[in-house]
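Numbering (the working numbering), first residue to last: 511 to 1011.
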C-alpha cells in the first residue's frame, strides 16, 4: 500500500532535491555523532591512563618503607616511659605517611592494573595485616609502645625484596600503559582524519545538491517574479486610474461642500451682523423724516453722523468677509510696491476719527518710514481692523493710541485701547478664525478680523503679538521689516523683469 501511495505521489525535481539534501544532512549528523562518541571514549581512556604514575606510586611506597625502618632503629632497650619524645613524633609521622602510601596503591587504577600480579597479591594483604595489628596495639596509648614496634619489626629484609619486585612490576605496568596510550593516540588521529574526511565528503555532496536545488529554485523564482511584476504593474495601473478618479471626485465634493459652507457662513454672519446696523440706519432715517422741520440742526448732524458711522462699519464688515473668503480660497492678492506708509496710516487714522467722534485718537508715527515696500490695500485692512476693534471694545470717551518704534531693521506699530481686555488664558487662541474672547459677549463681531490681520502681517514677513489686562485695555503690536532703497530698486527690477516675461 505504501508503494502505491509513493507511486501516485507527484515527485517533482524540487521535491527530490530537497529530499536528498535532507538525507545528506541527517547522515552527516548521525555519522558525526558516532565519531564524536568514539573520540570521547578514546580521549577518556588516554586521560585516565595519563593521570596515574605507577612507578612513582610504588617507589614512594618503597621509600617510605625504608624511612620507617630507619626511624625504628632508635633506642629499643629502654622502658616505654623513657622513650624519647622527638623520636616518638618522628616515628608516628613516618608511620602515617607509610600507611597513606599503602592506601594509595590499594585503590583505583593502581589496584585495577596490579591486582592480577602474584607479588601484589602477597605484599598488599601482608601490609594491611601489619598496619591493622599496629593500629590495634596503638589504640590504648598516645605514644608508640614496644608491642606496636614489635609488629612493625615483621617488615624485614625479605619484605624489602618483595617491595623491590613490586616496584619493578609497576615499571612494567607503566610501560604497558604508555604503549596503550600511544595506540589510543594513533586511533584518535585515525578517527579524527576519518571524521574530517567524511564531513568534507558530505559537505561537498550537500553543496552540490544545494547548488542544484538553489539553481532550480532560482529559476522558478525568476519566473514567479516576472509573473508577479506583470500582475503588480497591471494592478498599479488600475489602482492609479481608480485613485485618480477617486481624488478628482473627492476634490469636487470637497469644493462643493466648502462652497456650501462658505455660502451658509456668509449668509448667517451677514444676517446677524447686518441686522443691527440696518435697524439703526432705518430708525435714524425715519426720525429725521418725521421731525425734519422741528428737529434741531445739532440733532440732525448727530443722526447723520450715526448713519455714516453705521454705514462705515457695514462697509468694513463686508470688506472683511470678502477678504476672509479670498484668504480661505488661497486667492489673496499680494501686490507689494513702494508707498508712503506714514502718510497712509495718518489718512486711515483721520478717517477712523471722523466716523468715531466719541473716542479720542492719539498717534505717534515718527518711527514709521516714509518709503515702505508692501501692499497698500492689505496694510489698510490691518490698521482698519485693529482700529475698529479698539473702538468697538472701548467705552465712549476712551482713548485709542497708535504708536511706533524702530527695532533694528523693523518698524513696530502698536494700537492700544482702554477697553474690556482679554483674559490671559484666551490670548493664544485670539488669532484663530471665528474665535471671540469671553469678554466680547454682547458686542457685535464675526471673529474674522484678527485672523486676517495675522495672515496679512505674515504676508509682509512680519509678526504680531498682543498684551492685555481685563478691564484695563489691550495693545496689538505688529512688526514689519523695512528694506533700504537699494534693495527696493533691485526687487522692483526683478518684479518688472518677471512681469515683462
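Each residue gets a CB set at the ideal place from its N, CA and C atoms; glycine is no exception.
| Query | Result |
| --- | --- |
| Taking DSSP as the reference, what is the three-state secondary structure of residue 914? | strand |
| So, with DSSP's three-state summary, where would you put residue 581? | helix |
| Nearest by alpha-carbon distance to residue 816: which of 618, 794, 576 is it? | 794 |
| For residue 604, which residues of its own chain have a beta-carbon under 6 Å away from its beta-carbon, when the five flanking residues on both sides are left out? | 577, 578, 581 |
| Near residue 857, what residues of its chain come up, given a Cβ to Cβ distance below 7 Å and the 5 sequence neighbours on each side ignored? | none |
| Can you pull the DSSP bridge partners for residue 871? | 910 |
| Could you give the DSSP three-state label for residue 921: helix, strand or coil? | strand |
| Can you list, in chain order, the residues of its chain with a C-beta nearer than 6 Å to that of residue 607? Leave out the 5 residues immediately preceding and following it. | 574 |
| How many angstroms separate the CA atom of residue 901 from the CA atom of residue 887? | 21 Å |
| Compute the Euclidean distance between the alpha carbons of residue 751 and residue 880, then round it to the nearest angstrom. | 57 Å |
| If we ignore side chains and look at the alpha-carbon of each, how far apart do residue 691 and residue 698 end up? | 10 Å |
| Can you tell me which of 958, 706, 989, 944 puts its alpha carbon nearest to the alpha carbon of residue 918? | 989 |
| Based on DSSP bridge pairs, tell me the residues matched to residue 975. | 987 |
| Using the rule of at least 16 other Cβ atoms within 10 Å of the residue's Cβ for burial, across every protein chain shown, is residue 987 buried or exposed? | buried |
| Quick check on the DSSP output: the beta strand (DSSP E) that includes residue 632 runs from which residue to which? | Careful: residue 632 lies outside any beta strand (DSSP E), inside the alpha helix (DSSP H) at 628-648. |
| For my contact list, residue 874 and residue 908 are in at a C-beta cut-off of 8 Å; report their separation, rounded to the angstrom. | So it is not a contact: roughly 18 Å between Cβ atoms. |
| In terms of residue numbering, what span does the alpha helix (DSSP H) encompassing residue 881 cover? | Premise fails: residue 881 lies in the beta strand (DSSP E), 881-884, not in any alpha helix (DSSP H). |
| Can you tell me where the alpha helix (DSSP H) with residue 853 in it begins and where it stops? | 851-865 |
| Under 8 Å Cβ to Cβ from residue 890, same chain only, skipping five residues before and after it: list those, please. | 854, 858 |
| Short of 6 Å in beta carbon distance, which residues of its chain neighbour residue 978, apart from the five on each side in sequence? Order them along the chain. | 931, 932, 984 |
| Considering just the uninterrupted stretch of the alpha helix (DSSP H) at residue 623, what are its terminal residues? | 618-624 |
| Between the C-alpha atoms of residue 974 and residue 813, what's the straight-line distance to the nearest angstrom? | 37 Å |
| Grab me the residues of residue 961's own chain with a C-beta within less than 7 Å of its C-beta, minus the 5 sequence neighbours each way, in chain order. | 941, 942, 943 |
| DSSP puts residue 926 in a beta bridge; with which residues? | 911, 985 |
| Measuring straight from C-alpha to C-alpha, what distance separates residue 763 and residue 898? | 37 Å |
| Residue 843 by DSSP, collapsed to three states: which one? | coil |
| Thinking just about the alpha-carbon of each residue, which of 953, 947, 929 is nearest to the one in residue 981? | 929 |
| Tell me, to the nearest whole angstrom, how far the beta carbon of residue 627 is from that of residue 679; I am working on the premise that it is less than 8 Å. | 5 Å |
| Would you identify the three-state DSSP class for residue 848, choosing helix, strand or coil? | strand |
| Would you identify the three-state DSSP class for residue 903, choosing helix, strand or coil? | coil |
| With a Cβ-Cβ cutoff of 8 Å, do residue 730 and residue 542 count as a contact? | no |
| Could you compute how far the alpha carbon of residue 540 sits from the alpha carbon of residue 634? | 48 Å |
| Closest by CA to residue 617, which one among 598, 647, 564? | 564 |
| Would you grab the beta carbon distance between residue 644 and residue 665 for me? Rounded to a whole angstrom, and I think it's under 8 Å. | The pair is not a contact, with the Cβ atoms about 10 Å apart (cut-off 8 Å). |
| Note down, in chain order, each residue of its chain lying with its Cβ closer than 7 Å to the Cβ of residue 966, except the 5 sequence neighbours on either side. | 888, 891, 892 |
| For residue 630 and residue 567, I'd like the C-alpha separation in whole angstroms. | 13 Å |
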